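Those protein sequences? They're chains D and L, same order as listed.
Per the numbering used here, the very first residue in the first sequence carries number 1; after that it's consecutive.
Per the numbering used here, the very first residue in the second sequence carries number 1; after that it's consecutive.
First up is the structure itself, then whatever we jot down about it.
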Amino acid sequence: DAKTTQPTSMDCAEGRAANLPCNHSTISGNEYVYWYRQIHSQGPQYIIHGLKNNETNEMASLIITEDRKSSTLILPHATLRDTAVYYCIVRVGGTGKLIFGQGTTLQVKP
Amino acid sequence: DTAVSQTPKYLVTQMGNDKSIKCEQNLGHDTMYWYKQDSKKFLKIMFSYNNKELIINETVPNRFSPKSPDKAHLNLHINSLELGDSAVYFCASSPRGGGRNSPLHFGNGTRLTVT
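Listed below in structure tokens is the structure:
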């Protein structure tokens with residue numbers, strides 16, 4: 001299973017963009033990159049996913065490098081409610097098995 | 001309009017007891033899961049059901065028995081509870097058989113404490 005590496009923690013000022021990096025150098029050609037977040041005491045919340053093209057939705061943007069070995073999740077205008085643990089996950093093909101690592105704890109500060 | 005709902009939210013019980021956690025999704029998904037988050041906050045898959053059929057069983061002790069009466073429900077029954085079963089249990093669902101292009105949607109968890 002492809003493994004991901006993320007920084008343990010990051011800070012971001014409220015209103016600024018939060019850029020969360022993720023390395024997945026062993027990703028296979030048909031494996032998707034998923035991002036979830038977990039706000040304290042809640043279930044993981046789906047944010048965005050992509051295969052090789054950059055993706056954008058109402059929550060965030062996902063930038064995947066051309067070689068697909070790394071990606072960046074961008075929250076364009078972070079708010080205090082974006083404080084959470086963010087997980088970058090490479091989806092095991094054909095199943096719903098998500099392998100969660102330790103994630104990045106993002107602290108948005110006023 | 002809750003998408004994936006679990007009951008109870010909190011469950012405190014003694015060792016040796018048998019307990020159940022219920023999960024329901026109203027998203028029309030055909031695949032449902034149970035994940036466990038331990039004290040170190042790691043989330044791991046336990047089971048996956050697709051259209052009431054068991055797809056994934058991740059070497060979970062047979063004291064844990066999932067039951068899917070229909071594709072909108074996946075309950076988790078735990079026999080002879082042990083201290084190490086204390087954790088937060090999350091139910092999730094996804095469409096299209098859990099394919100790699102299908103996001104999982106999680107409930108808000110059941111915090112089980114075994115004393």
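We put the CB at the ideal spot given by N, CA and C, even for glycine.
Since we're looking at a predicted model, the values are computed, not measured.
Between residue i and the rest of its own chain, which residues show a CB-CB distance below 7 Å, the 5 nearest in sequence each way excluded?
{"i": "residue 25 of chain L", "result": "3, 4, 32, 72 and 93"}
{"i": "residue 50 of chain D", "result": "32, 33, 62 and 64"}
{"i": "residue 112 of chain L", "result": "11, 85, 86, 87 and 89"}
{"i": "residue 8 of chain L", "result": "110"}
{"i": "residue 83 of chain L", "result": "15 and 114"}
Count the other C-beta atoms from every protein chain shown that fall within 10 angstroms of the C-beta of residue i, then say buried if there are 16 or more, exposed otherwise.
{"i": "residue 53 of chain L", "result": "exposed"}
{"i": "residue 100 of chain L", "result": "buried"}
{"i": "residue 78 of chain D", "result": "buried"}
{"i": "residue 44 of chain D", "result": "buried"}
{"i": "residue 20 of chain D", "result": "buried"}
{"i": "residue 16 of chain D", "result": "exposed"}
Name, in chain order, the residues that DSSP records as bridge partners for residue i.
{"i": "residue 3 of chain L", "result": "Answer by DSSP bridge pairing: none, since residue 3 of chain L is not bridged."}
{"i": "residue 42 of chain L", "result": "Residue 42 of chain L pairs with nothing; no bridge assigned."}
{"i": "residue 119 of chain D", "result": "Outside the displayed span of chain D (1 to 110) sits residue 119 of chain D, for which this structure offers no information."}
{"i": "residue 66 of chain L", "result": "L/76"}
{"i": "residue 53 of chain L", "result": "L/50"}
{"i": "residue 92 of chain D", "result": "Note: residue 92 of chain D sits in no beta bridge, so no partner."}
{"i": "residue 24 of chain L", "result": "L/5 and L/73"}
{"i": "residue 23 of chain D", "result": "D/5 and D/70"}
{"i": "residue 90 of chain L", "result": "L/35"}
Kindly list the residues whose CB is nearer than 6 Å to the CB of residue i, restricted to its own chain and excluding five residues on each side of it in sequence; keep chain order.
{"i": "residue 75 of chain D", "result": "18, 60 and 82"}
{"i": "residue 102 of chain L", "result": "94, 95 and 96"}
{"i": "residue 109 of chain L", "result": "88 and 90"}
{"i": "residue 22 of chain D", "result": "4, 6, 71 and 88"}
If I measure Cβ to Cβ from residue i and keep anything under 8 Å in the same chain, skipping five residues before and after, which residues do I get?
{"i": "residue 8 of chain D", "result": "102, 104 and 105"}
{"i": "residue 58 of chain L", "result": "44, 45, 46 and 47"}
{"i": "residue 54 of chain D", "result": "61, 62, 63 and 64"}
{"i": "residue 20 of chain L", "result": "75, 76, 77 and 78"}
Distance check for residue j and residue i, CA to CA, integer angstroms please.
{"i": "residue 95 of chain D", "j": "residue 58 of chain D", "result": "26 Å"}
{"i": "residue 64 of chain L", "j": "residue 88 of chain D", "result": "29 Å"}
{"i": "residue 56 of chain L", "j": "residue 12 of chain D", "result": "38 Å"}
{"i": "residue 36 of chain D", "j": "residue 14 of chain D", "result": "20 Å"}
{"i": "residue 38 of chain D", "j": "residue 46 of chain D", "result": "9 Å"}
{"i": "residue 81 of chain L", "j": "residue 85 of chain D", "result": "30 Å"}
{"i": "residue 28 of chain D", "j": "residue 18 of chain L", "result": "42 Å"}
{"i": "residue 22 of chain L", "j": "residue 41 of chain D", "result": "18 Å"}
{"i": "residue 109 of chain D", "j": "residue 40 of chain L", "result": "25 Å"}
With a threshold of 8 Å between beta-carbons, can residue i be considered close to chain C, or not?
{"i": "residue 43 of chain D", "result": "Included in the structure are the protein chains D and L, with no chain C among them."}
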